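K.L.:
In this note's numbering, the protein residues as written are 9 to 305.
Glycine residues also receive a C-beta, built at the ideal position from the N, C-alpha and C atoms.
Fair warning: this is a prediction, and the values are worked out from it, not measured in the lab.
#1: Alpha carbon to alpha carbon, what distance is there between residue 236 and residue 293?
#2: Closest to residue 29 by C-alpha separation, out of 70, 76, 221, would be which residue?
#3: Below 6 angstroms CB to CB, which residues in the same chain sit around residue 229 once its five sequence neighbours on both sides are set aside?
#4: Can you list, in chain order, the residues of its chain with a C-beta nearer than 8 angstroms to that of residue 85? Leave out the 5 residues immediately preceding and following it.
#5: Just to confirm before moving on: does the CB-CB distance between residue 67 and residue 60 stay below 7 angstroms?
#6: Out of 63, 176, 89, 54, point me to the one whose CA is closest to residue 35's CA.
#7: Per DSSP, which one or two residues make a beta bridge with residue 241?
#8: Answer yes or no: the CB of residue 204 versus the heavy atoms of the ligand MG, is any distance below 6 angstroms?
#9: By a C-beta neighbour count over all protein chains shown, 10 Å radius and 16 as the cutoff for buried, is residue 257 buried or exposed?
#10: If you measure between the beta carbons of residue 187 and residue 243, is that distance less than 7 angstroms?
#11: Scan the stretch 248–285 and note each continuous beta strand (DSSP E) run of 3 residues or more that stays entirely inside, going in chain order.
#12: Which two residues bound the contiguous beta strand (DSSP E) that contains residue 189?
#13: May I have the straight-line CA-CA distance separating residue 172 from residue 65, to the nearest angstrom?
#14: Could you tell me which whole alpha helix (DSSP H) segments of length 4 or greater appear in the stretch 21–93?
#15: Note the first and the last residue of the continuous beta strand (DSSP E) segment covering residue 168.
#16: Let me know if residue 83 comes out buried or exposed under the rule of 16 or more other beta-carbons within 10 Å of its beta-carbon.
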């Protein structure tokens, strides 16, 4: 982990799903969890903690967000920096970035496997409306020309759902953020929640490759166009979190490709990455990868 700065390590650690952090420190789930659809109850030694998405609440009146603060508030560590060794000591501590073996693609994190109704525990995310999912799927498959089997799979895993305005919602890898895309005449695009990215996991034998693109739709499109490594959406901008994640991936042996749009913004994002570290560059023939895919079909 020495290849990236302490601040970048903190960014990665804070975004680890709380359920994963609790498992690492030996937390025991309380029976009360079975009676709640939005909260999970745990015991850590003589302390109790309630978890809602990436937020936690402790009976003593303490509350916060993120895995680092959780370990401090539970007195597992005395200083935040001590939490890094527990949370991100090895690549195996990141099941949502790395598969458990080379024989199959990475399994999605716990948050991504939850049914859409449970995702509302993360209060900033839009509510799922199941009656609108067929419209969203049809828009993605018919208008955006995305592969039906892949879209069905992402919907099944809770990575894509529909909100009350019939927007397509793309859930981030740890379930704490999302990209939102309008499916009507207005080209609405936005993002909600904490700093976490929508990702397409790598295929077997391509675990050492990762590409950064500008949107979730571009990520799905680039997979169809043949990129077999991990594909990460920056949701329209290259942030410090994007740079930190890329540096972390480089530190554990993953080759990075900047695969942004072929416009002024895309060239600016590519330059940001090239100035931060060495990376390959992949540019769509049209404006973006979805345009390329639609022209191909």
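P.N.:
According to the data block:
#1: Taking the first residue of the chain shown as position 1, residue 293 is located at position 285. Taking the first residue of the chain shown as position 1, residue 236 is located at position 228. C-alpha separation (whole angstroms): 19 angstroms.
#2: Translated into positions along the chain shown, residue 29 becomes position 21. For residue 29, the closest C-alpha among the options 70, 76, 221 is that of 76.
#3: The residue given as residue 229 occupies position 221 in the chain shown. Cβ within range, chain order: 297, 298, 301.
#4: Locating residue 85 in the chain shown gives position 77, counting from the first residue. Cβ within range, chain order: 79, 91, 94.
#5: Locating residue 67 in the chain shown gives position 59, where the first residue counts as 1. Locating residue 60 in the chain shown gives position 52, where the first residue counts as 1. In this structure, residue 60 does not lie closer than 7 angstroms to residue 67 by Cβ.
#6: Numbered from its first residue, the chain shown carries residue 35 at position 27. Looking at the Cα atoms, 54 is the closest of the given residues.
#7: Position 233 of the chain shown, counting from 1, holds the residue named residue 241. DSSP output for residue 241 lists 221 as bridge partner(s).
#8: Because no ligand of any kind appears in the structure shown, any question about the ligand MG cannot be addressed here.
#9: Your numbering for residue 257 matches position 249 in the chain shown. Per the 10 Å Cβ criterion, buried.
#10: Reading the chain shown from its first residue, position 179 is the one you call residue 187. Reading the chain shown from its first residue, position 235 is the one you call residue 243. Yes, the pair counts as a contact, with Cβ atoms nearer than the cut-off.
#11: Counting whole runs of 3 or more residues, the stretch 248–285 contains the beta strand (DSSP E) stretches 263–266.
#12: Position 181 of the chain shown, counted from the start, is the residue given in the question as residue 189. Taken as a continuous stretch (DSSP letters only), the beta strand (DSSP E) holding residue 189 covers 185–189.
#13: If you number the chain shown from 1, residue 172 lands on position 164. If you number the chain shown from 1, residue 65 lands on position 57. In this structure, the CA atom of residue 172 is about 29 angstroms from the CA atom of residue 65.
#14: Within the stretch 21–93, the complete alpha helix (DSSP H) runs of at least 4 residues are 26–32, 75–81.
#15: As a position in the chain shown, residue 168 is number 160, starting the count at 1. Per DSSP, residue 168 is one residue of the beta strand (DSSP E) stretching across 168–170.
#16: For this step, residue 83 is matched to residue 75 along the chain shown. It counts as exposed.
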